[in-house]
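As numbered in this note's numbering, residues 2 to 167 make up the sequence shown, in order.
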Amino acid sequence: MEQALQTLQADEVAAMRQGYALDNDLKNMESKMEDEAMDTHVMAWADLEAKQTMEGEAMHKQWRQRQSDYDELKQAEMEALLTKQQHATNAIHENEVLDQDSMAKRHALEQTILQRKLAHDQEVRRSQAQMARDVLASKQTYEANCLELLHDRQRQNMRHKQQQTE
C-alpha cells in the first residue's frame, strides 16, 4: 500500500512536471508569436515611413523643378528685354541720323512696334504672374501634404503607443 501511494505520488509529480513543461512550451510559443507579430508590425511601419519619405522627396523634387523652370523663364525674359532695349537704343540712334521725312515715317513704325512690344510685355507679365501663382500653389500643396504626412505619422505613433500600453 505504501508502495502504491509512492507510485501514485511519483505519477502525480511526473504529471505536474509534464504540466509545467507544457505550460512553459505554451508561454514560449505565445512569446514567439508576439515577437513575430511585433516584427511584422515594425516592418510594416518601416515600409510606410519609407513610402512617405519617397513621396515627400518626389514632391519636393517636383517643386524644385518648377522653381528652376520659373527662374530660367525669368532669366530668358530678362535677356530678351535687354536685347529689346539695345535694339531700341540702336533704333533711336539711327533715327537721329535720318532726315525729317523718314524720321516721321520711322516714328509711326516704331510706335506700332512699341505698341506690339507693350502688348507682348503685358502678356509676359501675365505669364510670369501665372507662373508665380502656380509655383506658390505647388509649394503650398507640398507643405500641406508634408504636414498631413507628419500628422498621419504622429497619429500612427499615438495608436502604436496606445496599442503597446494595452
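All C-beta atoms in this analysis are idealised placements derived from N, C-alpha and C, irrespective of residue type, glycine included.
Cβ shell of residue i (< 7 Å), same chain only, five flanking positions each side left out
i, result
"H61", "Y143"
"K85", "K118"
Residue i versus residue j - alpha carbon distance
i, j, result
"H42", "L82", "60 Å"
"E37", "A11", "39 Å"
"M44", "Q164", "16 Å"
"Q4", "E13", "14 Å"
"L115", "A133", "26 Å"
"A109", "E97", "15 Å"
"E50", "M34", "24 Å"
"A89", "H121", "15 Å"
"L23", "C147", "51 Å"
"L137", "E56", "19 Å"
"A59", "E31", "42 Å"
"M17", "D40", "34 Å"
Minimum Cβ-Cβ distance from residue i to chain B less than 8 Å
i, result
"D153", "Any reference to chain B falls outside this structure, which holds one protein chain only."
Cβ distance (whole Å) where residue i is taken to contact residue j below 8 Å
i, j, result
"E80", "A92", "That pair is no contact at about 19 Å."
"K140", "W64", "6 Å"
"L150", "Q53", "5 Å"
beta-carbon residue i near the ligand FMN non-hydrogen atom, thresh 7 Å
i, result
"L27", "Judged by which ligands are present, the structure shown has none, so any question about the ligand FMN falls away."
Counting Cβ pairs closer than 8 Å, one from the region 63–71 and one from the region 152–159, do we hit at least three?
-> no
Taking 8 Å as the threshold, find out whether the region 126–144 comes into contact with the region 71–78 through three or more Cβ pairs.
-> yes
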